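The structure under discussion appears below in the form of structure tokens.
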Amino acid sequence: MIHRAPFGSMERFVAVLLEHCGGNFPLWLTPEQVKILPVSEKYNEYAKEIAQFLEISDIRALVDDRNEKIGRKIRDAEVTKIPYMLIVGEKEATSGELSVRRHGEGDLGTMTKEAFVTSIENEISELID
1016 MIHRAPFGSM
1026 ERFVAVLLEH
1036 CGGNFPLWLT
1046 PEQVKILPVS
1056 EKYNEYAKEI
1066 AQFLEISDIR
1076 ALVDDRNEKI
1086 GRKIRDAEVT
1096 KIPYMLIVGE
1106 KEATSGELSV
1116 RRHGEGDLGT
1126 MTKEAFVTSI
1136 ENEISELID
């Protein structure tokens, strides 16, 4: 029997997942887990260092190095439903910490890179187990 359908099984699965989640994918599944938002262009290098650190820890992160105000960058990340946003500016660059925001929850405070990676790994392991 030959079965013809406009969607294959994988496409149907993704369509059901999109409909069920409304674009808010689980952290382990989302293509972009973290968006790093430098306050201004002079913190782009520090943001890229953080992205490399996260990559080594198998966390998918991108740097938003556009020449936009930080409010605009946060709004864009919220609209695209990025689970975590890391805001980096002068205070974070000097202290070596990160200012963390969660999609839908807002500001989570500051933490070290290592503590952030641990919290992400714990959240993913809880979701998968």
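Here the working numbering is used: position 14 in the sequence shown is 1029, and no number is missing along the way. We put the CB at the ideal spot given by N, CA and C, even for glycine. From a predicted model like this one, the values you see are computed outputs, not experimental measurements.
Let me know if residue i comes out buried or exposed under the rule of 16 or more other beta-carbons within 10 Å of its beta-carbon.
| i | result |
| --- | --- |
| I1071 | exposed |
| Q1067 | exposed |
| P1041 | exposed |
| V1103 | buried |
Quick test of your reading: residue i and residue j, contact by CB under 8 Å. State the CB separation rounded to the nearest angstrom.
| i | j | result |
| --- | --- | --- |
| L1113 | K1128 | 6 Å |
| A1108 | M1100 | A1108 to M1100, Cβ: 17 Å. No contact. |
| E1047 | L1077 | 6 Å |
Using only CA atoms, which one of the options lies nearest to residue i?
| i | options | result |
| --- | --- | --- |
| S1055 | R1027, D1079, S1024 | D1079 |
| T1133 | N1039, D1073, E1026 | D1073 |
| I1135 | R1075, T1095, E1105, K1106 | R1075 |
| D1122 | E1034, P1098, E1138, L1044 | P1098 |
| F1131 | E1105, L1069, G1086, K1096 | L1069 |
Hey, could you find the ends of the beta strand (DSSP E) residue i is sitting in?
| i | result |
| --- | --- |
| K1084 | No beta strand (DSSP E) contains K1084, which DSSP labels as neither H nor E. |
Taking the alpha helix (DSSP H) that residue i falls in, what are its first and last residues?
| i | result |
| --- | --- |
| E1060 | 1059-1071 |
| L1032 | 1024-1036 |
Return the chain-ordered list of same chain residues with a C-beta closer than 8 Å to the C-beta of residue i, the five sequence neighbours on each side being excluded.
| i | result |
| --- | --- |
| G1124 | S1114, V1115 |
| S1110 | T1125 |
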